[in-house]
Each structure stands twice: as structure tokens, then as C-alpha cells.
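Below is one structure; the comments refer to it alone.
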Amino acid sequence: MSHQTARSSTSATAARPRSQSVQTAINILTFLLKSPTSAFGIVVLALLILTAIFAPLIAGHDPYMQNLDNTLSPPSAAHFFGTDELGRDIFSRIVHGSRITLTIIFLVTITVGPIGLFVGTVAGYFGGKTDVVLMRVTDIFLSFPSLILSLAFVAALGPSLNNAIIAISLTAWPPIARLARAETMTFRGADYISAARLQGASPARIIWKSIVPMCLPSVLIRLTLNMATVILTAAGLGFLGLGAQPPMPEWGAMIATGRRYMIDSWWLVTFPGLAILCVSLAFNLLGDGLRDALDPKQMTKR
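Under the working numbering, think of the first position of the sequence shown as 92, with each following residue one higher.
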């Protein structure tokens with residue numbers, strides 16, 4: 092009976108933080124949906140995800156299939172967004188291009204977030220020479236515009252979608268590191284950090300268990316706001332022919348190939364451009380909403 096009681100109390104203790112986390116997530120989502128701008132961002136990103144998942148069902152045509160008898164056809168019932176110079180359905184290409192956009196966003200996020208958190212928290216916690224070295228490296232990356240630095244990396248690695256993702260990741264982590272360092276420097280003198288040191292906790296454990304969770308809300312907001320820049324950078328690389336290579340239906344590459352016909356065939360660049368605009372705007376609006384939702388003053392009110 093004592094073992095059963097101990098087990099039940101342990102499971103109840105473990106379930107309590109989970110229920111609190113779920114409740115906090117629900118409160119944040121409710122707060123975001125109450126704001127029209129944040130709700131717009133959530134709806135657009137939800138549509139983007141659903142479009143990427145069900146792309147073969149939504150797209151009415153093969154995005155790679157050419158039909159030279161139906162080139163540069165304007166929007167119609169058969170082709171909602173018209174056709175390009177090779178007779179490919181633009182709507183289907185934009186739908187399948189959402190998968191490429193989500194792939195870029197996902198891979199850049201899971202790369203940039205950990206790198207920026209690691210560099211920033213280590214520099215902020217240890218300070219001294221460690222801080223100087225890591226922050227000077229960060230300053231070197233920040234001294235170049237992200238697009239220019241991405242162009243340099245892609246030119247060195249070779250034009251391809253994978254190399255574009257690597258280049259964007261290498262240029263997107265410094266702002267995260269700066270933010271994590273600033274947050275860490277405000278927390279490292281706190282009483283609970285001193286208590287952890289007195290109990291014999293290692294620096295790695297203190298950083299991972301005590302500092303990183305405190306930095307996550309700010310880093311999450313920054314990552315969300317950075318996604319608009321990531322999308323625009325990826326589209327810029329695709330436009331210059333250094334990102335996704337033809338015939339991949341990447342939105343920036345579609346604009347690049349359609350710009351030669353844009354005077355007479357406006358739909359070639361309009362619809363991919365609107366897709367980039369809507370997704371970038373959605374991330375910006377969602378980031379602003381998350382900044383308000385994760386504000387400690389808002390959290391205490393809820």
C-alpha cells in the first residue's frame with residue numbers, strides 16, 4: 092500500500108506541471124485569438140501548414156507538368172492563377188512551394204535556436220574572456236547584412252536549396268545569441284542561481300536547467316519575428332538563382348523566371364509575391380502577438 096501511495100503521489104506531482112503547461116498554452120492561444128492581427132497570423136500559418144500537408148489533394152495539376160500548347164494563359168476556371176511560360180499551373184506550383192517554405196522555416200529554426208541559445212547563455216553566464224571571444228565572433232557576423240553574407244556562403248558552397256538553408260542558418264543565429272546573452276546576464280546574479288551553485292550544481296546544469304528555460308520566451312518571440320526575414324532571404328536567393336534550382340516550385344525562383352514576362356503576364360509574379368507577402372506578414376503579426384502574450388504583466392493578469 093505504501094508503494095502504491097508513493098507511486099500515485101509521484102504521478103500526481105508529475106502530472107501537475109504538465110497540466111499547468113497545457114493551461115498556459117491554452118491561455119496564450121486564447122490571448123492571441125482575441126487580437127485580430129495575431130488571429131490573422133495564426134490563420135495564415137495554419138492554412139500554410141494544411142496546404143503543405145494536403146498539397147497533392149489541393150493542387151489540381153502536376154506542378155512539373157509542361158503544356159506548351161497552353162503557355163502564359165491568364166487566370167481562369169481551369170487554371171486559377173494562370174500558367175507560366177512552360178504551361179505549368181501556377182496555383183499548383185504555389186501550393187507545392189509551401190512545402191519548400193515550411194522546410195526552410197523548420198530547418199532554420201531547429202538550427203538557429205540551439206546555436207543562438209548556446210552561444211548567448213555560455214557568454215552571458217561565464218563572462219570574461221569567454222564572453223569577449225564569443226561576442227566578437229557574433230559581432231563579425233552582425234557586421235554584414237544577412238542577405239549579403241548568405242550570398243557569400245552560397246557562392247562558396249554552390250547554388251542549391253540545401254546550401255541556401257545552411258547559409259541562412261549561419262547568418263541568422265547572431266541576433267538570438269545577443270538576446271540570450273542579455274537575458275542570461277540579468278538572471279545569473281539571481282538568488283536561485285546562487286542557491287544552485289551552493290548546492291554543487293555544475294555550470295552546464297545551471298545553464299540548462301535554470302537559465303535556458305528563462306530565456307526561451309524571448310528567444311521564441313525573436314525566432315518568430317526572424318522567420319519573415321528568413322523567408323525573404325530564401326526568396327531572394329531563389330530569385331538570384333542561388334537557392335532552389337529549376338524546376339522546383341520555390342516562390343522566389345518562380346518570380347525570377349516570371350519577371351521576363353511580367354509586363355504582359357502579370358500573374359507570373361503577382362501570385363508568388365502575394366504568397367511571400369502573406370506568410371511574412373503572418374509571422375510578423377504572430378511574433379508581435381506572442382510578445383504581448385508572454386509579457387509578464389499580461390501573464391499576471393491572466
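A virtual CB, placed ideally from N, CA and C, is assigned to each residue, including glycine.
As computed with DSSP, T174 is found in a beta bridge with D180.
The three-state secondary structure of W358, taken from DSSP, is helix. When DSSP states are grouped into helix, strand and coil, G364 belongs to the helix group.
D153 sits in coil when the DSSP states are folded into three classes, being neither helix nor strand. Taking the Cα positions, I144 is about 44 angstroms away from I284.
By a beta-carbon distance limit of 8 angstroms, I195 contacts I256. Their separation comes to about 6 angstroms.
Measuring C-alpha to C-alpha distances from S309 to each of P236, W264, E274 identifies E274 as the nearest. Annotation: R190 to A287 spans about 44 angstroms, alpha carbon to alpha carbon. Nearest C-alpha to W264 among P250, L242, F209: F209. Judged by beta-carbon spacing, T324 lies within the 8 angstroms limit of I259, meaning their Cβ atoms are closer than that value. According to the DSSP assignment, D282 belongs to the alpha helix (DSSP H) that extends over 282-289. Between S237 and L261, the alpha-carbon positions lie close to 9 angstroms from each other. Listed in chain order, the non-local C-beta contacts of G178 below 6 angstroms within the same chain comprise Q157, N158, L159, N161, T162, local neighbours out to five positions each way being set aside. In this structure, A271 sits near G215, with a CB-CB distance shorter than 8 angstroms. Non-local C-beta neighbours of L240 in its own chain, meaning closer than 6 angstroms and more than five positions away in sequence, comprise T262, ordered along the chain.
For G132, same chain residues with a beta-carbon under 6 angstroms away, outside a window of 5 residues either side, are A373, L376, L377 in chain order. When rounded, the separation of the alpha-carbon atoms in W358 and F278 is 52 angstroms. A distance below 8 angstroms between beta-carbons, with the five flanking residues on each side excluded, links F244 to the following residues of its chain, in chain order: N254, I257, A258, L261, T262. Distance from the CA atom of V228 to the CA atom of A281, rounded to whole angstroms, is 28 angstroms.
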